[in-house]
Structure formats: C-alpha cells, structure tokens
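Have a look at the structure below, then the notes.
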Amino acid sequence: MALPKGWKRLSTRKQGDVAYRVTFGSEGDARTLAVTYSTRAGSDPVAVWRDDVEPALRRQAGFQRIGAIEATTYQGYEAADMEWFSDTDGQRGRTFGRGFLLGGHRSFSLRWTTPSADWAKAANRQALETFLGTFRPDPAV
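So this is what it looks like as structure tokens:
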C-alpha cells in the first residue's frame with residue numbers, strides 16, 4: 082500500500098487471536114489510516130459494520146454515523162462502507178471505513194480518519210483513493 086511521504090507505522094494493536102490493527106500516520110499530522118485484519122468476521126460485510134463494529138464505535142465521544150452502511154465490492158471481495166464522526170482529544174474527526182471479507186471468517190478493514198474540517202480537501206480525497214487503489218490483501222493470510 083502506498084503511504085504519503087514521511088508516514089510510518091504509529092502503533093500496532095493485537096486483540097488475542099481475533100484481530101490485529103496497524104495504524105499509520107506522521108508526527109504532527111492528525112490524519113491516520115488504520116488497517117485491521119480479523120479472523121472472526123461474519124458472512125455479511127454490512128452486518129459486520131452494523132452488528133460488530135458500530136456498537137463499539139458508539140462508545141467513542143461524539144460518535145455519529147453519516148448516512149447508511151453501503152454494500153459494495155472491493156478488489157472482487159464483498160465489502161461495505163461506513164462513515165462517521167467522532168471526537169478525539171477535543172477535535173472532531175471524520176472517518177471512512179471499508180471492510181471486506183476474504184472468506185473463512187477472515188476480513189480486512191481500512192479506516193481513513195481526518196479532521197472533519199479538512200475532509201473535503203483534495204489532498205485528503207487523493208490520499209484515500211491512493212490507499213484504496215494500492216492496498217493488496219494477501220488472500221493466504
């Protein structure tokens with residue numbers, strides 16, 4: 082996956098043998114990209130966002146889903162998109178999440194977060210398009 086110049090791995094979080102998340106970003110840049118791999122996803126990507134992910138997100142300060150969770154495809158995989166607002170350290174953020182199923186209860190999600198006020202900036206839209214266009218899951222994972 083292509084990352085903006087100066088970006089690196091900021092954190093890695095593991096949840097037992099169920100999920101593994103790597104967050105990328107840059108010092109002093111409020112934007113982040115989180116990539117999560119899970120081994121316990123359901124068979125419907127919309128239901129995964131609605132029933133598994135969103136309840137946990139609702140505990141975040143200022144959480145507000147934007148629109149409906151949309152079914153889609155991504156690189157030939159069943160997928161779903163969800164967008165939401167939340168507050169971190171007093172700053173309003175906006176996140177686009179795309180989750181997709183690899184089969185065998187395995188999934189990935191990509192979460193692009195920017196300050197809400199900067200969401201529509203061309204550089205942010207281009208970064209999201211680049212992430213989505215260059216991320217390549219290893220189906221053998």
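The opening position of the sequence shown corresponds to residue 82 in our numbering, with each subsequent residue numbered one higher.
Every residue, glycine too, gets a C-beta built ideally from N, C-alpha and C.
| Item | Value |
| --- | --- |
| Is it right to say residue 124 is buried, meaning 16 or more other beta carbons lie within 10 angstroms of its own, or is it exposed? | exposed |
| Note down the Cα distance separating residue 140 from residue 167, rounded to an integer number of angstroms. | 10 Å |
| Can you tell me where the alpha helix (DSSP H) holding residue 212 begins and where it ends? | 203-215 |
| Measuring straight from C-alpha to C-alpha, what distance separates residue 198 and residue 147? | 15 Å |
| Taking just the CA atoms, how far does residue 134 sit from residue 176? | 13 Å |
| What are the complete alpha helix (DSSP H) segments, minimum 4 residues, inside the stretch 131-158? | 135-138 |
| Please report the straight-line C-alpha distance between residue 218 and residue 190, rounded to a whole angstrom. | 10 Å |
| In terms of residue numbering, what span does the beta strand (DSSP E) encompassing residue 91 cover? | 89-96 |
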